[in-house]
Structures are given as C-alpha cells and as structure tokens.
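Notes follow once the structure below has been shown.
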Amino acid sequence: MVFEKRLLRAEPNLKILGKLWRINWLYVALICLLAGVGYLALYSAAGGADYPYARPQMMRFAMGFVIMISVAVTPLRLLAKLAWPLYGLGIALLLAVLHMGHVGKGAERWIIIGGIALQPSELMKIGLVLLLATWFHKISWKQMGNPLRLLIPAFLVLLPVVLVLKEPNLGTAVIIACIGASIFFAAGMRIWLIALLVSPLPFAFEFIYSHLHDYQKARITTFLHPESDPLGAGYNIIQSKIALGSGGMWGQGFLHGTQGQLNFLPEKQTDFIFTMLAEEWGFVGGACIIGLLLLLILGGMIFAIRSKNQFGRLLALGLTMNFFFYCAVNLSMVMGAIPVGGVPLPMVSYGGSAMLTVMFGFGLLLSVQVHKDSTFGMEKAKEE
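Numbering follows numbering that gives the first Met the number 0, in which position 334 of the sequence shown is assigned residue number 333; successive positions increment by one, without gaps.
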C-alpha cells in the first residue's frame, strides 16, 4: 500500500529572545573577525586612511549585521515563502542589466538604482539556493532518480547562468552553475546521471573557447604564458606573484608592502586584496586568513548536517558552497592557479552589494542553525 504522510509538525515555539540565545555566537564572532580583517586590508589599500574604502565598508557591514540577525530569527517556513519572489527579482534585475546596465571593466554587471550600484548576480546566487532548497525538499529520494523530475530545476539554474554569461561574467556564471550542481547532488541526483551530463564537457571545450570574448581568451592565454606580455595582459598576475613572494614568512609589515603601497599591485582593494595582505602579513598571516575562511565553511557544513529537515540541510549546504566557491576562485586566481576572473574575496574585498548579500546569506545560514529542530514539508513513503 502506497500512502503519503504530511509532516506539519510546528516549529519549536521560541520567542525572539529565545532564538537570539540559540544563535551560534561563536560563528558570529568569526564573521566579525573576517570583517575586521577586511577593514585593515582596505585601510591599507587606501594608504593608511579610512576613506574611500574602509569606513564605507564597515558601515555596510553594520547594516548587514542587522540584516543577518533579523534573518537568523525568522522561521524557516517564512524564508521558504521568499524563494520565488527573490528568484524572480534576481531574474528581473539581470534582464535589466542587459538593457541598461552600468559598464565596468568591459562588462555590464551593475545597475544603478537610486544612485546605488547593485550587482544582481550576487542576489541571484542567494535566490537560486533558496529556490532549489524549497523545490527539492518536497521531492523524495526515489523521485530524484527520474531525470524528467529534474528538468524544471535544471532550467531554473541554466536561466541565470545564461543571463550572467551575457553580461559577460564568466567567473560568476561558473560559480552559479557549481552551486546548482552541488544542491542537485546533495538532493539525491544519481551518480550515473551526473557522469552522463559531465562526459561531453571535454569534447565541448573547443566550442566553448570559440564563443568566448576576446578578453576572456586573453585571460586564458595569459594564465598559460603570463611572461608573454608582462606589461599588458600578463601584468596583473605577474605583480600578484611578486607581491606574494615578497611577503616571505612573516611579511613586510602593516602598511609597508612595496607592491601594494607603491601601486604596482592592480585592483588591490577588490580582486587582489588577499595578495596585498599576504605581502604585508606574510605566509603566516595568509595561512591564518585561509584558516578563518575554512572555519566559516566548516561551521556552515555542520549547520547543514545538524538540520532535521531537508529544506534546512539543502539551504545551509548551498549557502556554504556559495561561500566556498567564492573564496576558492579568488584565492586560486591571485595565486595563478586559474585564469583571472574578476571574483572578489567575500567580506574582505571592497563592494557594497557583495557585502550585503553575503551577510544576508549568513543570516539564512544562522536561521537554519537556530531552527535546526523544526520539521516541515511533505515526505512520501511506501509500504507493501
């Protein structure tokens, strides 16, 4: 006999103060510590001044902190209801960027609203994670074995990927695709289906390369042979490697990095901010920053494991993977392990929309931790 059982168990009846008490404040302290590292880095990037980077960034962090705590005490049921509106808003803003976006560094990635520059792709990543978690928590593990059940969520992932590619923003598009793939796998997508989808990729590289923009092809060529154009396309990565090496074990000292302070290091307040930190704080300082990032990633994975409902598990996993890919791409880029892709380091690099969306994501992550005992949704079972 086949039957369906609805689990409409109410969430624990906690007041606001009770939820505030349940927040993992050690995790919040790690977030604040990372923001403090960002303040020092941006203070140094401005040559030892609050403006134009450090103080505005801290003001955004203060605003984001309020958003994070507010979201952390919001019930998961209510957050699930925001999935479609947030995803729809993200798609609408991405479409708006293609028609009236602000051009920066050769790409239309920002839209000006009320005098404020927003990067819709940052909001889109959070909206996609929320929507996929909402979608898959209603699907049983057996249903995940049916490829037809995956067509709609696959389209939901591909749509923002295509729109971001048109900006063009290859780095962020790849991150969005990887986030979607991570959630598909965690939701129960079969290994054979993943292998089937991935198998054509090696044969598609030539086709993909032929459709890249000229500057994207130049990044790949520069990655393989940076010394071929040391004063042009290869300048950024060569200066980044020089700065990393000149830091040595203990660094040249705060505000005393030669490559950063003498402006040899490009985009030191955004894409290459870790390089400037490693030059001033050395290998030890750089390793400590990476360790801090790993602690935040590990904490997010623990929140996902401890959640008693599928929505919370997928939401926490997706948000953690978003943060992981963000960090991994930036660090690999500045070390010369992958081509430069214009992806900043979260909470450290200068950026308004990135800071607020990352803090919103941390709020969602903390909400999963606070409401880890809640169970809701539909579960399907079978009895013979």
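Just so you know, even glycine gets a beta-carbon here, dropped at the ideal spot from N, CA and C. If you're wondering where the values come from, they're calculated on a predicted model, not measured in any experiment.
Please tell me whether residue i and residue j are closer than 8 Å, where the distance is taken between their beta carbons.
i, j, result
"Ala286", "Leu243", "no"
"Ile66", "Lys124", "no"
"Cys126", "Leu85", "The question names Cys, but residue 126 in the sequence shown is Gly. Result yes, Cβ atoms of Gly126 and Leu85 sit closer than 8 Å."
"Leu32", "Gln56", "no"
"Leu94", "Leu155", "no"
"Gly247", "Phe282", "yes"
"Met275", "Ala48", "no"
"His212", "Pro167", "yes"
"Tyr349", "Tyr52", "yes"
"Ile241", "Gln258", "yes"
"Ser209", "Met320", "no"
"Ser69", "Gly362", "yes"
"Leu77", "Leu129", "no"
"Leu384", "Pro152", "Outside the displayed range of the chain (0 to 383) lies residue 384, so it cannot be described from this structure."
"Leu92", "Ile111", "no"
"Leu316", "Ala176", "no"
"Met358", "Gly37", "no"
"Ser394", "Leu150", "It is not possible to answer for residue 394, since the shown part of the chain is limited to 0 through 383."
Quick check on residue i: does DSSP put it in helix, strand or coil?
i, result
"Leu6", "Legend: pLDDT at Leu6 = 37, less than 50; position of this residue unreliable, no value from coordinates given."
"Trp109", "strand"
"Ala48", "coil"
"Asp213", "helix"
"Lys379", "Because the pLDDT of Lys379 is 41, which lies under 50, any placement of that residue in the model is unreliable, and the number read from its coordinates should be weighed accordingly. Strand."
"Tyr42", "helix"
"Val1", "Residue placement at Val1 is poorly supported in this model, since its pLDDT is 37, which falls under 50; the coordinates still yield a value, given next. Reduced to three states, the DSSP call for Val1 is strand."
"Gly170", "helix"
"Asn235", "helix"
"Tyr86", "helix"
"Pro338", "coil"
"Pro225", "helix"
"Lys18", "helix"
"Lys371", "coil"
"Met62", "helix"
"Tyr26", "helix"
"Pro345", "coil"
"Arg54", "helix"
"Thr73", "coil"
"Leu81", "coil"
"Arg218", "helix"
"Met188", "coil"
"Ser394", "For residue 394 there is no data in the structure shown, the boundaries of the chain being 0 and 383."
"Gly350", "coil"
"Gly179", "helix"
Can you tell me the Cβ-Cβ gap for residue i and residue j, rounded? I've got them flagged as a contact below 8 Å.
i, j, result
"Leu294", "Leu364", "That pair is no contact at about 13 Å."
"Leu297", "Val367", "Going by Cβ atoms, the distance from Leu297 to Val367 rounds to 15 Å, so no, they are not a contact pair."
"Gly87", "Leu355", "That belief does not hold up - the Cβ atoms of Gly87 and Leu355 are roughly 19 Å apart, past 8 Å."
"Val369", "Ala79", "Contact flag wrong, Cβ pair sits at about 15 Å."
"Arg59", "Gly351", "5 Å"
"Gln118", "Ala303", "That pair is no contact at about 26 Å."
"Pro146", "Ile90", "About 24 Å; that fails the 8 Å criterion."
"Phe322", "Gly299", "7 Å"
"Thr171", "Ser239", "Not quite, the Cβ-Cβ distance comes to about 20 Å (not below 8 Å), so this is no contact."
Under 7 Å from any heavy atom of the ligand ADP, does the C-beta of residue i make it?
i, result
"Ile219", "Annotation note on the ligand ADP: not contained in the displayed structure, which lists no ligands."
Task: Segment contact, 8 Å Cβ cut-off, at least three pairs: the stretch 285-305 with the stretch 253-267 - done: no
_Taking contact to mean 3 or more Cβ pairs, one atom from each stretch, closer than 8 Å, check whether the stretch 324-334 and the stretch 183-203 are in contact._
no
(message) Whether or not the stretch 247-254 and the stretch 301-312 are in contact is what I'm after, with contact meaning three or more pairs of Cβ atoms, one per stretch, closer than 8 Å; do they touch?
(response) no
Quick check: the stretch 218-229 against the stretch 333-344, are at least 3 beta-carbon pairs closer than 8 Å? yes
Runs of 4 residues minimum, wholly inside the stretch 309-334: which ones carry the alpha helix (DSSP H) assignment?
309-333
**Prompt:** For the stretch 241-315, which segments carrying the alpha helix (DSSP H) assignment without a break, of at least 4 residues, lie completely within its bounds, in sequence order?
**Reply:** 257-260, 272-305
**OP:** Kindly provide the ranges of any beta strand (DSSP E) runs that are 3 or more residues long and lie completely inside the stretch 88-167, ordered along the chain.
**Re:** 101-103, 106-112, 115-117
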